[in-house]
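To start, the structure itself, in structure tokens.
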Amino acid sequence: MEDLSVVDRELSDAIVNVVESGNRFESAGNGIESLSMYREAWSLLPEPKKNWDLAHWIASCFATSYFAAKQYDEAKSWSVIAMDTKPPRETSSVVVFASACYELGETQLAFEHFDKVFKFGKKRAFEGFDSKYLNFYLDHLKG
Numbered sequence: 035m036e037d038l039s040v041v042d043r044e045l046s047d048a049i050v051n052v053v054e055s056g057n058r059f060e061s062a063g064n065g066i067e068s069l070s071m072y073r074e075a076w077s078l079l080p081e082p083k084k085n086w087d088l089a090h091w092i093a094s095c096f097a098t099s100y101f102a103a104k105q106y107d108e109a110k111s112w113s114v115i116a117m118d119t120k121p122p123r124e125t126s127s128v129v130v131f132a133s134a135c136y137e138l139g140e141t142q143l144a145f146e147h148f149d150k151v152f153k154f155g156k157k158r159a160f161e162g163f164d165s166k167y168l169n170f171y172l173d174h175l176k177g
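Add 34 to the 1-based position in the sequence shown for my numbering, that's all there is to it.
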């Protein structure tokens with residue numbers, strides 16, 4: 035993963051500002067504007083996009099925003115990119131992916147990914163997410 039701020043500080047700062055604007059829109063409940071900002075940030079990333087450190091952050095923002103809007107297919111797609119670019123100890127993108135799978139009725143795939151994060155972080159990995167996902171995992175674990 036290359037650090038864009040080392041290669042092009044000005045571009046990195048511009049992307050960070052756009053994503054932070056998107057996050058403010060998301061926090062204010064304006065998902066449409068947040069997605070517009072994330073699209074702009076993604077378009078600013080040089081190719082190949084997945085090689086940059088900021089790719090994970092932008093993809094995670096997309097996934098979370100689409101999930102909040104109940105657009106689970108899009109959330110799943112962006113969480114795949116977030117998982118592909120995640121730092122080693124990050125689990126949130128995996129939980130978002132598994133949660134989207136759960137909402138899409140792909141419960142086996144959801145369980146498999148919830149299992150990965152549970153084995154890594156136990157219940158702590160589910161903090162900040164709807165408790166139904168941890169409950170689903172624990173119930174499914176019991177058989």
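C-beta: ideal position from N, C-alpha, C; glycine also.
Buried or exposed (CB count within 10 angstroms, at least 16 for buried), residue i
{"i": "A117", "result": "The question names Ala, but residue 117 is Met in the sequence shown. Buried is the call here."}
{"i": "E60", "result": "buried"}
{"i": "I115", "result": "buried"}
{"i": "S32", "result": "With the chain represented from 35 up to 177, any question about residue 32 goes unanswered, as that position is not in the structure."}
{"i": "L168", "result": "buried"}
{"i": "K157", "result": "exposed"}
{"i": "M35", "result": "exposed"}
{"i": "A75", "result": "buried"}
{"i": "L69", "result": "buried"}
{"i": "V53", "result": "buried"}
{"i": "K110", "result": "buried"}
{"i": "L172", "result": "exposed"}
{"i": "A102", "result": "exposed"}
{"i": "Y66", "result": "The sequence given here has Ile at residue 66, not Tyr. Label assigned to I66: exposed."}
{"i": "L175", "result": "exposed"}
{"i": "S165", "result": "exposed"}
{"i": "I177", "result": "A small fix is needed here, since residue 177 is Gly in this sequence, not Ile. With fewer than 16 other Cβ atoms within 10 Å, it is exposed."}
Own chain residues within Cβ distance below 8 Å of residue i, not counting five before or after
{"i": "G63", "result": "none"}
{"i": "S170", "result": "Note that residue 170 corresponds to Phe in the displayed sequence, not to Ser. Only Y136, T141, A144, F145 and F148 meet the Cβ criterion."}
{"i": "K83", "result": "W76 and A89"}
{"i": "L79", "result": "L38, I49, W86, L88, A89 and I92"}
Inter-residue CB distance, residue i and residue j (contact presumed, cutoff 8 Å)
{"i": "A132", "j": "F154", "result": "Contact flag wrong, Cβ pair sits at about 13 Å."}
{"i": "L143", "j": "Y106", "result": "That belief does not hold up - the Cβ atoms of L143 and Y106 are roughly 12 Å apart, past 8 Å."}
{"i": "S55", "j": "M71", "result": "5 Å"}
Bridge-paired residues (DSSP) for residue i
{"i": "E36", "result": "W86"}
Contact set for residue i: own chain, Cβ-Cβ below 6 Å, skip 5 residues either direction
{"i": "K120", "result": "H90 and S127"}
{"i": "F163", "result": "V129"}
{"i": "E161", "result": "none"}
{"i": "S99", "result": "E60, G65, S68 and L69"}
Cβ neighbours of residue i in the same chain (closer than 7 Å, five flanking residues each side left out)
{"i": "K150", "result": "V128"}
{"i": "F152", "result": "A159 and Y171"}
{"i": "A97", "result": "A109, W112, S113, A116, S127 and V130"}
* Ignoring anything shorter than 4 residues or poking outside the region 67–112, list the alpha helix (DSSP H) runs there in chain order. => Taking only runs of at least 4 residues, the alpha helix (DSSP H) segments lying wholly in the region 67–112 are 87–102.
* Please specify which runs of the alpha helix (DSSP H), each continuous and at least 4 residues long, are wholly inside the region 138–174, giving them in chain order. => Entirely contained in the region 138–174, the alpha helix (DSSP H) runs reaching 4 residues are, in chain order, 141–155.
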